[in-house]
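2 protein chains.
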Amino acid sequence: MPSKAVHLSRHAAIAQALREQIRSGELTPGSPLPSESQLTDRFAVSRGTVRQALAALRAEGLIAGGRGRVPVIRRAGLAQSFDQLVSFSLWARQIGRNPSARTFELTRRRCDPEAAEQLAIEPGAPIFFYTRLRLLDGAPVLVERATFVESVGRLLLDCDLDGGSVYEQLGQRGVEFAEAQQTICAIAAGAEDAALLEVARRSPLLEVRRRAAAPDGTPLEWSRDRYRADAFEITLHNQHALPGAGVALRAARNDH
Amino acid sequence: MPSKAVHLSRHAAIAQALREQIRSGELTPGSPLPSESQLTDRFAVSRGTVRQALAALRAEGLIAGGRGRVPVIRRAGLAQSFDQLVSFSLWARQIGRNPSARTFELTRRRCDPEAAEQLAIEPGAPIFFYTRLRLLDGAPVLVERATFVESVGRLLLDCDLDGGSVYEQLGQRGVEFAEAQQTICAIAAGAEDAALLEVARRSPLLEVRRRAAAPDGTPLEWSRDRYRADAFEITLHNQHALPGAGVALRAARNDH
DNA sequence: GTTCGCAACTTGTCAAGACAAGTCACACCA
DNA sequence: TGGTGTGACTTGTCTTGACAAGTTGCGAAC
Numbered sequence: 004m005p006s007k008a009v010h011l012s013r014h015a016a017i018a019q020a021l022r023e024q025i026r027s028g029e030l031t032p033g034s035p036l037p038s039e040s041q042l043t044d045r046f047a048v049s050r051g052t053v054r055q056a057l058a059a060l061r062a063e064g065l066i067a068g069g070r071g072r073v074p075v076i077r078r079a080g081l082a083q084s085f086d087q088l089v090s091f092s093l094w095a096r097q098i099g100r101n102p103s104a105r106t107f108e109l110t111r112r113r114c115d116p117e118a119a120e121q122l123a124i125e126p127g128a129p130i131f132f133y134t135r136l137r138l139l140d141g142a143p144v145l146v147e148r149a150t151f152v153e154s155v156g157r158l159l160l161d162c163d164l165d166g167g168s169v170y171e172q173l174g175q176r177g178v179e180f181a182e183a184q185q186t187i188c189a190i191a192a193g194a195e196d197a198a199l200l201e202v203a204r205r206s207p208l209l210e211v212r213r214r215a216a217a218p219d220g221t222p223l224e225w226s227r228d229r230y231r232a233d234a235f236e237i238t239l240h241n242q243h244a245l246p247g248a249g250v251a252l253r254a255a256r257n258d259h
Numbered sequence: 004m005p006s007k008a009v010h011l012s013r014h015a016a017i018a019q020a021l022r023e024q025i026r027s028g029e030l031t032p033g034s035p036l037p038s039e040s041q042l043t044d045r046f047a048v049s050r051g052t053v054r055q056a057l058a059a060l061r062a063e064g065l066i067a068g069g070r071g072r073v074p075v076i077r078r079a080g081l082a083q084s085f086d087q088l089v090s091f092s093l094w095a096r097q098i099g100r101n102p103s104a105r106t107f108e109l110t111r112r113r114c115d116p117e118a119a120e121q122l123a124i125e126p127g128a129p130i131f132f133y134t135r136l137r138l139l140d141g142a143p144v145l146v147e148r149a150t151f152v153e154s155v156g157r158l159l160l161d162c163d164l165d166g167g168s169v170y171e172q173l174g175q176r177g178v179e180f181a182e183a184q185q186t187i188c189a190i191a192a193g194a195e196d197a198a199l200l201e202v203a204r205r206s207p208l209l210e211v212r213r214r215a216a217a218p219d220g221t222p223l224e225w226s227r228d229r230y231r232a233d234a235f236e237i238t239l240h241n242q243h244a245l246p247g248a249g250v251a252l253r254a255a256r257n258d259h
């Protein structure tokens, strides 16, 4: 698998350097950014190149303000990266908790119609499926039921499903997830989930149905995750000035 | 209230013209955009100005692709605008449903500590509070319990709370909501909510706690909305290439 | 001590130019 | 008929320059 140290354009490299300074705390929320002229000196590039780098940080919500004064580092938002939103392990580590897993099965079987529709494959085609209980600091919080297309699922046979992040391990095997669509609703716990999550039957759970895809849009994974409702909440930060934030409230289909 | 027809820079005007063509269907998903040179001719500007306009559309996820070929209009995403995510009425109309409301009370009273914390005011300070039942096509789907700072809440006395969108009516009275933070979790219906929403007690509900603020960040509204779980779901579209999408999964505070 | 004007900084906008890298269609040759 | 090369298109990147508009600090005047 090729290294991530790919060639970056100058403006991308500058943006990355500034992101790293923000991430590391070297540039703290509320503090001013160096001015454009300082940055042109520091990176030995033209002002246009610096402005392109800053435009990216602005679009990501990392910096704000300007016009006559230097921009400032925005207060750290609640937003998580793509990887943190899709991978339970990465998310847990980001909030300083200890994730672990207990896998009940990894089976190769024929795809049911619902998963087939989501994965854009024929019903009955071979897929890999697992059920895992996820724990935070030893307490059960999530039941994952994940279906992978065969070409990705077979790689799971060599992964440590009780170990680290499945996404990280698949990433090391050349599988790239570039987008995901996650649909969240509330359901009542059935007997099986209630037992696994150690809650009363009919307790509310958050269900997240996720379809993750490759960069070219090909679906790779379809899963239904059920979270203890007392363990999770989702925060959306909506802004007028940041449309297209990839969130939709939908009328439920009434089929789950 | 001043008109929205404010002066736009050239690149902003070009971006706006192209957004309108996409919105109206004149440019349909999958179809190519005019090339940069065609756009420089059409708008009589330099290529850099056109590129800045296109960068905005790209950041919003409206167009994609390029490098050697013209970009294409992206398939309409599920994302809703800020107004649609915050206002039940606007959202309902966007999905083609008929919203209505039944207001039980609008009272001016002293602020409780929880709402005071969220609105950044002193506990005991005067606020306005209402409870509304929201219906889609005549069916109850949502109970809203909203608290407004006094200066905004007093305007509600002149609003038709059973009529159109509160946000629209406040907007007409000069109140601008520029950002909102909405936290979603699953809860079990209590007796009151169960009766209002016509579900069994202990049925799962989606709770959305929202704090909406003015452009300068001053909180204006704190509310707790409870949705029938069978009527709503939330879809997040996450992409590697669009970080900073304003979504966070959090460990619950266990205090609700 | 306060106020105001101005200079020096900042970012925003726009223009023009050049070259790199990607895509595609067409023509030519085997 | 298929493959390959090339030219003409595209966008991406970078540079230089100029002017508009906003902010801030400092000094002078009252």
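The listed protein sequences derive, respectively, from chains G and Y. Each residue of the first sequence is one higher than the last, beginning at 4 in our numbering. Each residue of the second sequence is one higher than the last, beginning at 4 in our numbering. No residue lacks a Cβ here, since even glycine has one placed at the ideal position from N, Cα and C. Here the structure is a predicted model, which means the values were calculated and not measured.
Bridge partners of valine 75 (chain Y) according to DSSP: Y:Pro35, Y:Ala67. Across the structure, leucine 239 (chain G) and arginine 214 (chain Y) are spaced so that their CA atoms are roughly 11 Å apart. Under a criterion of Cβ atoms nearer than 8 Å, no residue of chain Y is adjacent to alanine 16 (chain G); the nearest Cβ is some 17 Å distant.
Here DSSP, grouped into helix, strand and coil, assigns threonine 52 (chain G) to helix. At the C-beta level, leucine 164 (chain Y) and tyrosine 133 (chain Y) come within 8 Å of one another. By the criterion of a C-beta distance shorter than 8 Å, proline 129 (chain Y) is surrounded in its chain by Arg111, Arg112, Arg113, Cys114, Glu153, once the five residues flanking it on both sides are discounted. In the structure shown, the three-state DSSP call for serine 92 (chain Y) is helix. Contact between leucine 159 (chain G) and leucine 109 (chain G) is confirmed by a C-beta separation of about 6 Å, below the 8 Å threshold.
By a beta-carbon distance limit of 8 Å, isoleucine 17 (chain G) contacts valine 53 (chain G). Their separation comes to about 6 Å. Put simply, of G:Arg45, G:Arg77, G:Thr43, G:Gln55 the residue whose alpha carbon is nearest the alpha carbon of arginine 26 (chain G) is G:Arg77. Listed in chain order, the non-local C-beta contacts of arginine 212 (chain Y) below 6 Å within the same chain comprise Thr186, Arg227, local neighbours out to five positions each way being set aside. Positions of the beta strand (DSSP E) runs, each at least 3 residues long and wholly inside the region 124-165 of chain Y, are given as 129-139, 142-152 in order along the chain. Counting only the Cα atoms, serine 206 (chain G) lies some 28 Å from glutamine 121 (chain G).
Non-local beta-carbon contacts of alanine 95 (chain Y) in its own chain, meaning distances under 8 Å to residues more than five positions away in sequence, involve Asn101, Pro102, Leu139 in chain order.
A Cβ-Cβ distance of about 6 Å is found for the pair alanine 216 (chain G) and leucine 223 (chain G), placing them in contact under the 8 Å criterion.
Chain Y places no beta carbon closer than 8 Å to that of tryptophan 225 (chain G), leaving this residue out of the contacts. The beta carbon of serine 90 (chain G) lies closer than 8 Å to those of Ser168, Val169, Tyr170, Glu171 in the same chain, with the five residues before and after it left out. Residue pairing for glutamine 185 (chain G): DSSP places it in a beta bridge opposite G:Arg213, Y:Leu239.
Contact residues of the region 175-198 of chain Y toward chain G are Ala181, Glu182, Ala183, Gln184, Gln185, Thr186, Ile187, Cys188, Ala189, Ile190, Ala191 (C-beta to C-beta distance below 7 Å).
Per DSSP, aspartate 115 (chain G) lies in no alpha helix (DSSP H) and is assigned neither H nor E. Of all residues in the region 88-105 of chain G, the ones placed with a Cβ closer than 8 Å to any Cβ belonging to chain Y are Leu88, Val89, Trp94, Ile98, Arg100, in chain order. Counting along the chain, the unbroken beta strand (DSSP E) around arginine 227 (chain G) starts and ends at 222-231.
Between the C-alpha atoms of glutamate 182 (chain Y) and valine 202 (chain G) there is a straight-line separation of about 36 Å.
The beta carbon of arginine 205 (chain Y) sits closer than 8 Å to some beta carbon of chain G. Apart from the 5 residues on each side of it in sequence, alanine 56 (chain G) sits with its Cβ closer than 6 Å to the Cβ of His14, Ile17, Ala18 in its chain, given in chain order. Here phenylalanine 151 (chain G) is actually not in contact with phenylalanine 180 (chain G); their C-beta atoms are around 11 Å apart, not less than 8 Å. Taking C-alpha positions only, isoleucine 124 (chain Y) is separated from valine 178 (chain Y) by approximately 18 Å. Per DSSP, the beta-bridge partners of glutamate 108 (chain G) are G:Thr134. The C-beta distance from serine 40 (chain G) to valine 75 (chain G) rounds to 17 Å, too long to fall under 8 Å, and the pair is not in contact.
Looking from the CA of leucine 93 (chain G), the closest CA among G:Gly166, G:Ser12, G:Thr221 belongs to G:Gly166.
If the five residues before and after leucine 30 (chain Y) are omitted, its C-beta is found closer than 8 Å to the C-beta atoms of Leu21, Gln24, Leu36, Ile76, all from its own chain and listed in chain order. Residue-level contact by beta carbon fails for isoleucine 25 (chain G) and chain Y, as no gap is shorter than 8 Å. In this model, alanine 192 (chain G) and phenylalanine 46 (chain Y) are separated by some 58 Å (Cα to Cα).
Membership of arginine 22 (chain G) in the alpha helix (DSSP H) is indicated by the continuous run 13-27. DSSP, read as helix, strand or coil, puts alanine 192 (chain Y) in coil. With a 10 Å radius around the Cβ and a threshold of 16 neighbouring Cβ atoms, phenylalanine 85 (chain G) comes out buried.
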